[in-house]
Each structure stands twice: as C-alpha cells, then as structure tokens.
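Chains as they are written, first to last, in this note's numbering: chain X, 137 to 479; chain U, 137 to 479; chain S, 137 to 479.
Heads up, the beta-carbon is just placed ideally off N, CA and C, and yes, glycines get one too.
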C-alpha cells in the first residue's frame, strides 16, 4: 500500500467502479460490488488490492500474483492465477493510470501565500495559488489561477505562467512563457542565456541572447533540467511534451508537441524536433539538425544528421537502428573469427 | 523584436553608428543616417531591423530576407536581396554581437541588499552590489564591487568573489575563489567535496578533500553545472573559459584559459585541459588525461588517452576525428557488402 | 597547506602518532617524535609535510618529492628520495585518508536552528541539529539527531532522515527515507515523480508514482544528482553506496550496497544493481536490466542487457571489456589496411 506518510488514498472502490474508470470489462458472473482497497505491484498485491499487467517481461510474476484483481489484456484472462479477477482492456497501462489516479488524486497544497514569499507589487497572481515559503516573484510577472509554486523557487521579472501549472522547489524561471497545467520539477532552470559567443583569438565575445523560452500546455520538465532561452528566435517546447531529469535544451531549439526526451539527453542549439519525436536517455542531437515527425532515437546515441519522419536511429554516429544492430552482429562475427585465427 | 517584457532596447541607431560599432563597411552611397530600430533574425527581420548572416547553412534565408540591413561577409554584398543594405566585415558574428550588445545592454539590477539577505557580520561586501532576496553569505566571505547575487544563492564561509561577477539564483559556492566579471548561472554547485575515497572490502573510506576551486576572470559557468574542489591540489578554471549547462568537472582538474566545454560534457578527476581546448557536448574526458593546447574533442566522444596539442579527436574511444570518419565509412561499406551477401 | 579560509588544521602530529593512525610502519631508527605540520600533495610538500604515494603514474613525482614523510607501499621504502621518511603500509590511500581526516576533521556547524528556518509544528527535529538559513521542513517530517541541513534546502512533508546525516544547500527531498550518516550534496533532488506515463495517440497520461525512495546508511549523493521515487515499488539505494554528481536514477531502480556510480551516469527505470557494482562516468544502464554483484561498467558505455556477477563490460552497446578492446584493435588494423589500399 502506498505509504500514508506521503500518499492519501481515496479508496476503496468497487470492481464495478474500477471497471468504469478503467474502461475495462469484468468477467461474467464476478462480484461487481467487491471492494478493492488499494493498488499495488503484482508481486506484493494481496486479495484486497488491484494490480496491473502490461510488460510481458513480467508474465511469470503475473501468473504467481495474489492480487485480488488485475487489469490486463483480454488474452491474459485465461492465464490468470486462481482467485484473481481480471479486468480486461486492450490498454492496461492507461487503464491502471486512470484507476491509480482515482485512488491517489494528486495532492495539491491548499491555496495560500506563505508570509515569507517575496512577491513584487507589480506581479499578478491568479486566484487559488499556493506559494510556498521563500518563493520570489519578480516585477510584472503573471501567474495564472490555481498554480502551485514550491519553496525557494524564483520567478524572474516578466515571466508568464499559465493556470494550473505546478512548479517544484528551488527552480528558476526567467525570460519565459509557460503554458497551462505544466509540471516543472525542482531545480529546473528555464531561460538562462544561451551558450552563444563569437570566438576570437583575443577571447570570446558574448552574443546577447534576446529570445525567450516558450513552453506550451501540459508540458513536464524533469528535475534539474535546463532550457536556455533563444538567441533571437525563441526556444520552443510544444504542447504535451515530456522532458525527464537532467536534460539540456540549447538555445533556439524547437521541440514539437507530444515529444519525449528521456533523462540526460541533450539537444544542441537550433535543432528541431517535430511532433511525436522520442529521444532515448543520454542521447545527443547535434546543432541545427531536424528530427522528423515521429522519429525515434535509441538511448546512448549521437545524432549528427537529419532523421526523416518515422525513422528509428541509434548508435554513434546514429544510423538506422536496424543497421546499427546488423553492424553490432558483424562486429561479433569479426571478433569470433579473429579469436579463431589467434588460436 | 526582443520581447519588452524581458529586454529593454537602447535603439534606434543609425547605419553610420552601427557600422562604427560593428567595425563594418557601409556600401558607397547608402543613407548612413537611416535608423535601424531593432536587431532580428533573418527570417523575421523587417525593413527597420538589422540582421546578420554568418552560418552558410542559412544562405537561402539570407537571400529571401526582408531585413533593412544585414551584417555579412564582403562576398555576400552582391548576393543580398533588393532593398537590403549590407554592412560588410570579415567577422559578421562578432560584429553582430557588438551591435546587439549596444541595442540591448546587459540589464543589471540596481545596487541594493534585499532586507532578507542573510550576510554574516564578518563578510565583506564591495560597493554597488545587488544582493537579491534570500541570499546567504557566510563568515569571512568577500564579494567584490559591482557583483550581482541572485535570489536564494548561498556563498559559504570564506569564499572570495571578484568584482563585477554575476551569480544566478539558487546556486551554491563553497571552498572557492572566483575571479572578476564571471557569469555563474543558476543552480551551479562549486566546491563540493571531490569524489575521493579508498575502496576497501569492508566499505569505502572518504578521503578529505582539502583543495579549493580557483576560477579565473571572465569565466562563464552554465546552469546546474558542478565543479568539485580539489583533493589537495586545487581544481582550476583558467581565464575566459566558457562552461555550458550540466557540465561536471572533477577534483584536481586543470582547465586552461579560453577553453570551451559544451553542455553535459564531463572531465574526470586530475585531467588537464591546456589553453584553447574545446570539448563537445556529452563528451567525457578520462581521469589523469591531458588534452594539449588547442585540441578539440567532437561531441558524444569518450577520450581515454592524452591528446596532442592541436589535434581533433572523436568517437568512442576517441581517435583522430578523420580516422573516426574513415572508420564510419568502412562500417557503411561492410554493411552494404553484407547486405549483398545476404541477398 | 590546506587554505585556512576553508579548513582548520588539528595538527601537528608526531610520526609516531601518524604511524598509529595510519596503521603503518616507521623505518627503524627514525625520529618518531618528529612533528609533521600538515598533509600535502607530493609535488608541493615540504620537510614538515606528510604526503602519500599510491598511484604508480606519479612515481617520478614521488622520487623527486621533498616531503618530510610519505605513506607508501613497502616496496617503495628503498626508492624514496633522501630525507624522506616512508611510513609503509600495503594500503597507502586508505592510510592517508585516515591521517588527513585527523589533520582536518570534518567541520560541522554548531547545533542551531536559524531563526529563518521554517519548520512545521508537527515535524520532529532531533537533538543537536544545525538548520541553516531558509531551510524549510514540512509536516510530520522527522530529522534524526546531529543532522546538518544547508541553507535553502527543502524537506517535504513526511520525509524521514536518520541521525548524523548532512545535507547541502538548495536540495529538495520528498517521498523518501534517508538513513544515518549520509552525505547528500547541494542541489540534489530526491523523490520527484518517476517518468511514468501511458503513451496514447491522443497524448500522454501520467501514471501516479506511488512509491518512495529508500536510502540506506552511509550513502553519498553528489551535487545536482536526481533520484526519482518509485511507481509503486520503491526506488532503493543500499548502504554505503557512493553516487557522484549529476547522476540520474530512475523510478523503481534498486542499487545494492557499496556500489559506485560515477558522475553523469544514468540508471533507467526498474534496473537492478546488485552489491559492489561500479558504473563509470557518463555510462547508461537500460531499463529493467540487472548488473550482477561486483560487476563493472567502463566509462562512456551503454549497457543494453544483463551483466553477470563479476563481469567487466564496456563500449556501446557494452560487451565484455576485453572484447571491446580487441574490437578497437581490429578497427585500428582495418583502418591501416584501408590506408594501404588507398595508396
């Protein structure tokens, strides 16, 4: 059960309620009024718990689970262990997401401005915001209704934040517009000056970075990630994109809608990611490169040229991922052949 | 035009003034009194805007631009679109940097100590400093004249900061001397204990880290980067070096003058970078390695041995970059040959 | 000598005292009452300083050193320069660690709660804690005796911290239990929501992250590192593990005891590191992968499948490190052969 120190349950829910939330089907003849008291992972769930089974890697765990009920694909109804009620749906992970969110609705601190928050008189703060201790909000900043700003976070002069956006603690936002219902985690830095300078024999000369960071709605930015402001054009993050922890986004980068940037990935200046692009962990995208709509970059890769829409690339330098795998197989054979020659 | 929420223009300037600032040549017979009201990128600039053209990749954009004036190399004077005045110079990017800095001088908060700043009585703060809300400055720290310290930044006991240095918000500095006119961005951590410990079967034993971080003048350190203090020797960053976001610099590292470390690069303990070394994004330099003066490391590389002065290396492990490119070509041919055999 | 701005010496100590602390042997007939006034690196130590020699790479420096005394392996007693007293031990680095820790004991701020610390009335703070300025501690949090919490650090509701743990400044801890005697450096983010969401054509749907972060005793977490809380299972860090700067640890990861994660390494969600695993700088471990007990991952590697206990792997994708080195040698030969063909 989720630790009550940190989470508050809104349960229990009956199987009928859960089936409705999950848009899943209950088996004929099951007791639809039976209550599930909690959600839990397959391996620890008991008879009062709802679990879910999505990743085939865990089929053995599923079949040994003591969960009272489990959300799974229809094909698994028959393979369920005795005593488990399967709520079947073609999308178990999404269904679980919705049920878990009903059991544990996001906890939002009640509306309040902590007396230590330093808010400039010219800033406009919407209704029902929660400003924690030691928040600093600069001149002419605008914070929409229902925002949550964590302790020690600094919102610099002029920044605009849409309604319903939550920002963690000790973050810094400057030179940016942030959309509605975003989740900006702790330690994020948005709007620092881009890494732009003219290199001259006598030293570097900074180029003023006169753009902004424009972040759409429903964007998530992970802990300690950094997004620099543009040099003249803006740096842009499209609606619904998900950015993990410790990600770097350089100046002038355009990230489309519904993109996914996994932890420690980095996008160099002036690169463009069209909609639905996914970049794996620790991968780097070179400057001025375009990743086409729906393209994918495997983890630990380095992309040095444009990637067409829909393509999946990987390796260093990144090539078609299936070619990269063929290359790896080739290397294995060369190694084996060499081993034989050496004998 | 740069968003007036965040930037204040000192313009307009006449073409004659701009030519002087840029050290560029105006075409014979042009109206030198004509005013440029703003700077703007090629693709959005209008007839009252000054733009610049430096990266050949954008030649088409240059030729289609409606900018009233543009800084470019002399060779492009003739290729400019109708109605565009070209200010010619062999160094358009530097010239633009200077003009843009005149249009938008760095905004410095006026001198003041916010009443919530906690400054130890023994600390010495120079004239004309701006200390923002919730700044903490420890015992015997020294901050030179004209420094700007952002909200929530912590300057630990004994730290020395030279005049004219600006530090962002929520940064932490300890065990360090920082030079004059540096730019330390938000969330930077300078002076944490180096990652030094003796590995014993019964556990690890920390080795006291008794060195400092010594940072020269005009150094830039990007958001959320980390620079550990030395173990006994110091960690050193030379004058004028540029460090991007999320860069890691281990204990005892010596970075020379005018080096460039691009985002997410990492320098392991006791490595030495001589002057004018450039390290690409996400590249790693192994411990105790020396990169000779003016050497370059391509992005996404892993350097495992010394690099002679002036050499450019890349790949994993990094070799001469041109050899790495030959290797990539070789792999492509092997893949193709394999494809044919497989048919 | 360690800079007195930052370090306070408890010396001098006699050679006899040092030999005892170091568990090292003094040469027959040496003056055991002779005082060493400081510890110093080989190249700068003088006749009143104790140094140590451990890394063979620095043998020349050892032989030219003017240190009055030096901790080294027995084999080096005879190669010591004239005038240097060698304290011999099979483990010079550990011995030095102990002596240096006696010369410079960790400085702990005296017990105090700064008047600006915002501590919820329901939080329980143990005896002899030092809470710096602008610390924020939430409802029902528990902080053990003798903890040190740096300026601007935020301890969220319900967090539990064991006795003797030190936390740097501007860090954020939520949804976690931290053990005893840990060292959590500045800017660390523990307990952010894991990067879990269902990907649907119509957008992403967040999956509630209902687990915690469970950190053992004597764990070190480097500056600006991030450790996400589990999705349902917990994220776990075992006793005595050492995590460097800018490391990312995803949700549900299990890190065993006495592991070492070097700077900028990243562990993707649900991976397992058994005890005594070492991961090199900038290396990435894929999701759901297991690294067996005592396995090692070379720097700059990408691990895409399980690694058996005791194995050392490297490269991208990571294979047995010795195979990777053979592969590199093969590439070198292929390049050379190609060069000849091209002539």
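Taking the Cβ atom as the reference point for each residue, do residue i and residue j lie within a distance shorter than 8 Å?
i             : j             : result
residue 306/S : residue 296/U : no
residue 360/S : residue 323/U : yes
residue 223/S : residue 249/S : no
residue 399/S : residue 438/S : no
residue 301/X : residue 325/X : no
residue 375/X : residue 353/X : yes
residue 367/S : residue 346/S : yes
residue 404/S : residue 417/S : no
residue 422/S : residue 446/S : no
residue 195/X : residue 206/X : no
residue 210/S : residue 172/S : no
residue 240/S : residue 146/S : yes
residue 344/U : residue 237/S : yes
residue 265/X : residue 288/X : no
Measure the C-alpha to C-alpha separation of residue i and residue j and round it to an integer number of angstroms.
i             : j             : result
residue 262/S : residue 444/X : 59 Å
residue 178/S : residue 339/S : 60 Å
residue 304/U : residue 170/X : 56 Å
residue 465/S : residue 472/X : 14 Å
residue 155/S : residue 228/S : 11 Å
residue 410/X : residue 401/X : 16 Å
residue 150/X : residue 163/X : 14 Å
residue 140/U : residue 199/U : 29 Å
residue 386/S : residue 477/S : 49 Å
residue 440/U : residue 440/S : 22 Å
residue 384/X : residue 308/S : 20 Å
residue 319/X : residue 245/X : 14 Å
residue 342/U : residue 314/S : 19 Å
residue 299/U : residue 394/U : 20 Å
residue 243/X : residue 286/X : 13 Å
residue 463/S : residue 457/S : 10 Å
residue 334/X : residue 192/U : 16 Å
residue 442/U : residue 426/U : 5 Å
residue 369/S : residue 388/S : 6 Å
residue 213/S : residue 332/S : 58 Å
residue 167/X : residue 161/X : 13 Å
residue 218/X : residue 294/S : 38 Å
residue 351/X : residue 321/X : 14 Å
residue 412/U : residue 430/U : 5 Å
residue 137/U : residue 174/U : 6 Å
residue 392/S : residue 379/S : 12 Å
residue 269/S : residue 284/U : 20 Å
Could you round the C-beta distance between residue i and residue j to whole angstroms and report it? I think they count as a contact, below 8 Å.
i             : j             : result
residue 235/X : residue 158/X : 5 Å
residue 355/X : residue 377/X : 5 Å
Tell me which residues share the same chain as residue i and place their Cβ nearer than 6 Å to its Cβ, disregarding the 5 neighbours each side in the sequence.
i             : result
residue 511/S : The question about residue 511/S has no answer, for chain S in this structure spans 137 to 479.
residue 311/S : 327, 348 and 365
residue 278/X : 260 and 296
residue 420/U : 402 and 438
residue 183/X : 204
residue 453/X : 438 and 440
residue 208/X : 189, 222 and 228
Leaving out five residues on either side along the sequence, give the residues of the same chain with a beta carbon under 7 Å from the beta carbon of residue i.
i             : result
residue 181/X : 187, 201, 202 and 203
residue 460/S : 450 and 451
residue 432/U : 414 and 448
residue 143/U : 240
residue 247/S : 264, 265 and 266
Legend entry - Stretch-stretch touch, CB-based, cutoff 8 Å, three pairs: the region 179-198 of chain X with the region 225-233 of chain X: yes
Inset, instruction - Assess, as a yes-or-no matter, whether the region 269-280 of chain U is touched by the region 251-259 of chain U under the definition of 3 or more beta carbon pairs within less than 8 Å. - result: yes
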